[in-house]
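Heads up, my numbering is the position in the sequence shown plus 1134, with the first residue counted as 1. Even glycine gets a Cβ: it sits at the ideal position worked out from N, Cα and C.
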Amino acid sequence: MIRVNRYRTRLCGEVGEQDIGKEVRVAGWVENIRDHGGVQFLDLRDHYGVVQIVVHSEEMLKQVSRECTLTAKGKVVLRDADTVNPKIPTGTVEIRVEELT
């Protein structure tokens, strides 16, 4: 069930391998932020699931904290084999963020 609106083109829990190479827009709450020195990984959650988004710009994250809501626009890519998370349905992909609002 895709509920497309100005905030999203996909639900967080529905982003998958069928979306690889596509630009998507997802919206939700920031569940977790992991900083790996210049690259930040955020778990973005909506009512339908969670997806990992990757931000390469510290400037984009100045106003972002856990539990805040945001919309992320970016390209869906396959995760490296050693970073796959089999515990979640979206664990084989991530979104490389180009824009946060």
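With fewer than 16 other Cβ atoms inside 10 Å of its own Cβ, Ile-1154 counts as exposed. At least 8 Å separates the beta-carbon of Gly-1225 from that of Val-1231. Cβ neighbours of Glu-1157 within its own chain (closer than 6 Å, five residues either side excluded): Lys-1209. Positions of the beta strand (DSSP E) runs, each at least 3 residues long and wholly inside the segment 1154-1205, are given as 1157-1169, 1174-1180, 1183-1189 in order along the chain. Between Cys-1146 and Gly-1172, the beta carbon gap of about 24 Å keeps them out of contact (Cβ cut-off 8 Å). Bounds of the beta strand (DSSP E) holding Glu-1232 are 1227-1234. As computed with DSSP, Arg-1142 is found in a beta bridge with Asn-1139.
Under a 10 Å Cβ-count criterion, Leu-1212 is classified as exposed, with fewer than 16 other Cβ atoms of the shown protein chains found around its own Cβ. Ranking Arg-1159, Arg-1142, Ser-1199 by CA distance to the CA of Phe-1175 puts Ser-1199 first. In the three-state scheme derived from DSSP, where H, G and I count as helix and E and B as strand, Gly-1150 is classed as coil.
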